[in-house]
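Colleague:
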Amino acid sequence: MTIQQDIFTSTDAVRVELPEVAAAAGELVDDVCEGFFAPVAFDAVDQLLARYNAEAASIQAVGEFIQTPAYRSALSHFMAGNAENFSPVLRSGVAGLYSVDGAIGHLNGCYWNELLNLTDVLEYMPYKRREEWSEQIKSFTTPPFEENVVRSTLQSMLASRSTYFAERVDGIFQALSKTHVTNNPAGFTSRFIIDYAESKAGYISDLRNVIARFMGHSEQKASNGYKLLRLLSQRTGEWHSVDGGALRMKMFKVGTVHCDVHPELAVRMNSLLAHLYPLAIPSRFRTKPKRPPKDFPVLSKSLPQEVISLLMDPKTPGEIRYRRVTENPYAVRFDSNPRVEEAYQVLEALGGVRHNINLFVWYEFDYDPQPAIAQVAISGMLPDDKSHQYYPTRERLADFAKELADIREGHRCLEPSAGNGALAAKMPAETTTCIEISAMRCKVLASKGYKAIEADFLAWAPKCTEHFDRIVLNPPFANNRATLHLQAAAGLLKDDGRLVAILPASLKGKDLLPGWDLEWHGPFCNEFDGTGVTVAILLATRSEH
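Using our numbering, the letters of the sequence shown correspond one by one to residues 1 to 545.
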């Protein structure tokens, strides 16, 4: 809720400015508390107070009514005559059941809970404060829901919003392992360790939402940490990019989580710690690094958090009118959501085919898509098709490439820059290796049964000691990468092997592999969606064979 300025005069709120740290344009935002609360109508508090007062009056009236001796006597007969409908504990404690203090305590908790949910303030509080409020609501020990208390509490929340944000960062810092020497007691470094992570999922939620604020993204629900840990616990011992690459996490079976954050984000978090502890955080922990880290990706914008939340909880189509929607075991749908179509676009990128019965939509796959969906949900990213030069091979070209390759039983095959495996689909899965730079598409390939290696083919090829009988590729075209991929692939071909490459038509007739026999086919026009590229297909063999 914006606990809006309409509820309190603007002079009542004390603004606390967050410390600023210079950041690269378009990457980190400066005012992380702008729009901190979701808007709410001006009279919402008045309406809640009116309803509360009416219910409190009813409780008081019922309590007074029950405490009248004549009515208590009559009530005892109701209880005794209908004893089978009540537990022994309830029958013996009927007098305490109508305690006004207990009922008002419960009513207070209900209305504070409604108010806090109305304002979204619980979603943005530090985890520790959220737990304190939750415990008060559960134990009926909240403050009385009276107008002066409600308005002063909300005013305090409004004035403390920047402090809340700093407290979230402090809570994360206090949750770090005290036994791992990687953690520095003076502040955050780009790598830190959280022990007993499952019991600290709320702090991991805070970590992700703090980073989201720095990146200018919307925040996730407070439960997002639990969902992420559930996925990571099924993939222990591996580094995973999270939330657009701003964070990397690796979980171990003992429940420890190692975290890498971009150095600039570590500096921002330390600046917020200094807001709470001005003399405790050394200046070097609050200074932006002069050089960009070599091993950390450029910060990029992740998928919307609502889409990530859907991807973390895929559903099966189930039944309509007691009949199964589909017999395909690899079918996926999502719950209704304003951004569900964006989640379905992810399924299309993974090779899913859309089906529907009226407004009921689901996607079907020819492989198990769950590992790939989980990969996207964890990373918060889809591969950049433009920068990766990902243009799937159409069936007609793939079939022609297969015919030229003349793949036979026992041949060891390779597809460089494999994408989702359109060419690999024409090769035997048990003897085919796929190289793919995208972690998500590697999950797709592995789910289809291929040996999938996550790597840039041009960096991987010089280190590879294996040679292949058949190599079929549709390489990236931009910046001479097609020729570079072709030449790198040629170095991995056996002496009597066959190499088939889909290349830009502009290369047709050129001596790309001196000393080889080159057989050109095509050109083929408009073979890739979204482009007007004309291609040719090359069959290359060594001259002596």
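For each residue, glycine too, the CB sits at the ideal point set by N, CA and C.
1. Just to confirm before moving on: does the CB-CB distance between residue 486 and residue 475 stay below 8 Å?
2. Less than 8 Å separating the beta-carbons of residue 541 and residue 511?
3. Once you ignore the five residues that flank residue 432 on each side, which residues in its own chain have a CB closer than 6 Å to its CB?
4. Ignoring anything shorter than 4 residues or poking outside the stretch 144-188, list the alpha helix (DSSP H) runs there in chain order.
5. Quick check on residue 263: does DSSP put it in helix, strand or coil?
6. Does the structure place the stretch 184-203 close enough to the stretch 255-264 that three or more beta carbon pairs sit under 8 Å?
7. Do the CB positions of residue 363 and residue 376 come within less than 8 Å of each other?
8. Using only alpha-carbon positions, find the residue among 270, 373, 69, 249 that is nearest to residue 193.
9. With residue 493 as the anchor, note down where its beta strand (DSSP E) starts and where it stops.
10. Per DSSP, which residues does residue 399 bridge with? Please list them.
11. Identify, in the order they occur along the chain, each residue of the same chain with its Cβ nearer than 7 Å to the Cβ of residue 411, setting aside the five sequence neighbours on each side.
12. Which residues in the same chain have their Cβ closer than 8 Å to the Cβ of residue 107, if we skip the five residues on either side of it in sequence?
13. Beta strand (DSSP E) containing residue 281: first to last residue?
14. Anyone know if the C-beta pair for residue 310 and residue 340 falls short of 8 Å?
15. Does the beta-carbon of residue 593 have 16 or more other beta-carbons within 10 angstroms, so that it is buried, or is it exposed?
16. Reducing DSSP to helix, strand and coil, say where residue 522 ends up.
17. What is the rounded straight-line gap between the Cα of residue 171 and the Cα of residue 164?
18. Is residue 498 closer than 8 Å to residue 406 when the C-beta atoms are compared?
19. What residue from 502, 217, 169 has the CA that sits closest to residue 203's CA?
20. Exposed or buried, which one is residue 359 when buried takes at least 16 other CB atoms within 10 Å?
21. Report the CB separation of residue 333 from residue 361 in whole angstroms; it is logged as a contact under 8 Å.
22. Tell me which same chain residues have a C-beta within less than 7 Å of the C-beta of residue 457, skipping the five on either side of it?
23. Relative to the C-alpha of residue 174, which candidate in 102, 68, 270, 50 has its C-alpha closest?
24. CB residue 215 to CB residue 186, shorter than 8 Å?
25. Please report the straight-line C-alpha distance between residue 251 and residue 213, rounded to a whole angstrom.
26. Give me the residue from 465, 496, 463, 505 with the minimum Cα distance to residue 551.
27. So, under 8 Å CB-CB, residue 397 and residue 524 are touching, yes? Tell me the CB distance rounded to an integer number of Å.
28. Take residue 66 as the anchor and find which of 99, 509, 46 has the nearest alpha-carbon.
29. For residue 266 and residue 188, which I take to be in contact (beta-carbon distance under 8 Å), what is that distance rounded to the nearest angstrom?
30. Can you tell me whether DSSP reads residue 440 as helix, strand or coil?
31. DSSP three-state call for residue 115: helix, strand or coil?
32. Can you name, in chain order, every residue of its own chain whose Cβ lies under 7 Å from the Cβ of residue 509, other than the five neighbours on each side?
33. Rank 374, 102, 427 by C-alpha distance to the C-alpha of residue 315 and give the top, closest one.
34. Use the C-beta contact count for residue 181: other C-beta atoms within 10 angstroms, 16 or more gives buried, fewer gives exposed.
35. Assuming the contact rule is C-beta atoms closer than 8 Å, residue 546 and residue 49 should be a hit. Round their C-beta distance to whole Å, please.
36. Determine the contact status of residue 507 and residue 536, defining contact as a CB-CB distance below 8 Å.
Modeller: Looking at the atomic coordinates:
1. Closer than 8 Å, so yes.
2. Their beta carbons are not under 8 Å apart, which means residue 541 does not touch residue 511 by this criterion.
3. Taking C-beta separations shorter than 6 Å and ignoring five residues to either side along the sequence, the partners of residue 432 in its chain run 413, 424, 450, following chain order.
4. Look at the stretch 144-188 and you find these whole runs of alpha helix (DSSP H), each 4 residues long or longer: 147-159, 161-175.
5. Assigned with DSSP and collapsed to three states, residue 263 falls in helix.
6. With a cut-off of 8 Å, the stretch 184-203 and the stretch 255-264 count as touching, because enough Cβ pairs lie within range.
7. No; because the gap between Cβ atoms is not below 8 Å, this pair is not in contact.
8. Ranking 270, 373, 69, 249 by Cα distance to residue 193 puts 249 first.
9. For residue 493, the uninterrupted beta strand (DSSP E) segment begins and ends at 493-504.
10. Note: residue 399 sits in no beta bridge, so no partner.
11. Answer for residue 411: 431, 469, 470, listed in chain order.
12. Sequence-distant Cβ neighbours of residue 107 in its own chain, meaning closer than 8 Å and more than five residues away, are 52, 55, 56, 59, 145.
13. It is not in any beta strand (DSSP E) - residue 281 carries neither H nor E in the DSSP assignment.
14. The Cβ-Cβ distance between residue 310 and residue 340 falls below 8 Å.
15. Residue 593 is absent from the model: the chain starts at 1 and stops at 545.
16. Looking at residue 522 - three-state DSSP - the assignment turns out to be strand.
17. For residue 171 and residue 164, the distance between alpha carbons rounds to 10 Å.
18. Yes.
19. Answer by Cα proximity: 169.
20. The C-beta of residue 359 has fewer than 16 other C-beta atoms within 10 Å across all chains shown, which makes the residue exposed.
21. The beta carbons of residue 333 and residue 361 sit about 6 Å from each other, so the pair counts as a contact at 8 Å.
22. Excluding sequence neighbours, residue 457 sits near 416, 417, 435, 485, 488.
23. Minimum Cα-Cα distance from residue 174 among the listed residues 102, 68, 270, 50 corresponds to 270.
24. No. Outside cutoff.
25. Residue 251 and residue 213: Cα-Cα distance of roughly 24 Å.
26. With the chain covering 1 to 545 only, the question about residue 551 has no answer from this structure.
27. With 8 Å as the limit, residue 397 and residue 524 qualify as a contact, their Cβ atoms being about 7 Å apart.
28. Ranking 99, 509, 46 by Cα distance to residue 66 puts 99 first.
29. Yes, they are in contact, since the Cβ atoms of residue 266 and residue 188 sit about 4 Å apart, within 8 Å.
30. Correct three-state label for residue 440: helix.
31. In this structure, residue 115 counts as helix in the three-state DSSP scheme.
32. If we look at residue 509 and ignore the five residues flanking it on each side, its Cβ neighbours are 520.
33. Closest by alpha carbon: 374.
34. Within 10 angstroms of the beta-carbon of residue 181 lie fewer than 16 other beta-carbons, which makes it exposed.
35. No statement about residue 546 is possible, as the shown extent of the chain runs from 1 to 545 and does not include it.
36. Yes. Within cutoff.
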